[in-house]
Amino acid sequence: MKNYFRLMSLVLLLSGYGQPLMAETEANKFHEGSQYQRIDPPVPLTDPGERDKVEVVEMFFYACPHCYELDPKLGAWAKDKPWVEVKRVPAIVGPTWADQARAYYIAEALGILDKAHDALFKSIHEDGEQYYNEYMVTKFLVEQGADQQKVYDLYRSPEIVAKVSEARVLTVKYRLRGVPAVSVNGKYVTAPYFVRSQEEMLEVLDFLVEKERGQLQAEAEKPLKNSSKTGG
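When the letters of the sequence shown are read in order and numbered with the numbering used here, they come out as residues 68 to 299.
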């Protein structure tokens, strides 16, 4: 009799009755405190106007080899996700980090970020270059086609100082233990120290983005439901 029940249990499992349990396990394989962390209090979006998209913020440091590895993967991951808005923020925990953050924001201000961003990563990790002061950063940006005087003017301009200051504050607010780290809608953060690989990190991002998409959809439907109740 025991063998009969064991056999029937196996038949039911193979015939599909076990699928809901399997699906539930798959959906719940990522857990707060394990593969990602909740940011408390939440960090305001860098662009509050993008409420129809899920904001994903990549925190990085140019001299970090894992950041160099993740950056193109994250770009490829987001390419077919029009509902995701990826923003980069250079993390800052010291003077060298601040100089490289200035390189990022000056390149952005001069309209050469697409070229300079990849080139700066490559020059550090493939060519062995170092950038830890104003002279080195300026030299690099000029090599990317920037006007030297414009770089000098921007280096300590109010515009760049404000952006560097904001990046420094975000580094603290996201409660980072290292880089790269990626936040989702200012509510959650995941990083290599939470997961076994960068590929799993991207899976966690899929999970968190879908979680936030569901929340955004629910918020968008609230006025419609309230309107329907009023009309009824």
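Using N, Cα and C, we set each Cβ at its ideal position, and we do this for glycine too.
Counting C-beta atoms within 10 angstroms of its own C-beta, Y260 has fewer than 16 neighbours from the protein chains shown and is therefore classed as exposed. Annotation: the continuous alpha helix (DSSP H) that includes Y222 extends over 215 to 222.
Under the three-state reduction of DSSP output, T163 falls in the helix class. In this structure, P247 and E125 form a Cβ contact; the two beta carbons are roughly 7 Å apart against a cut-off of 8 Å. Going by beta carbons, A186 and L180 fall outside the 8 Å limit. In this structure the segment 264 to 284 lies against the segment 130 to 149, because at least three pairs of beta carbons, one per stretch, are closer than 8 Å. Annotation for I159: A165, A168, V231, A234, R235, T238 place their beta carbon closer than 8 Å to its own, counting only its chain and skipping 5 residues before and after. Excluding sequence positions up to five before and after K120, its CB lies within less than 7 Å of the CB of W150, V151, E152, all in the same chain and listed in chain order.
When secondary structure is reduced to three states using DSSP, E277 falls in the helix class.
For R263, the three-state secondary structure derived from DSSP is coil. Residue burial is scored here from C-beta neighbours: Y219 has fewer than 16 other C-beta atoms within 10 angstroms and is therefore classed as exposed.
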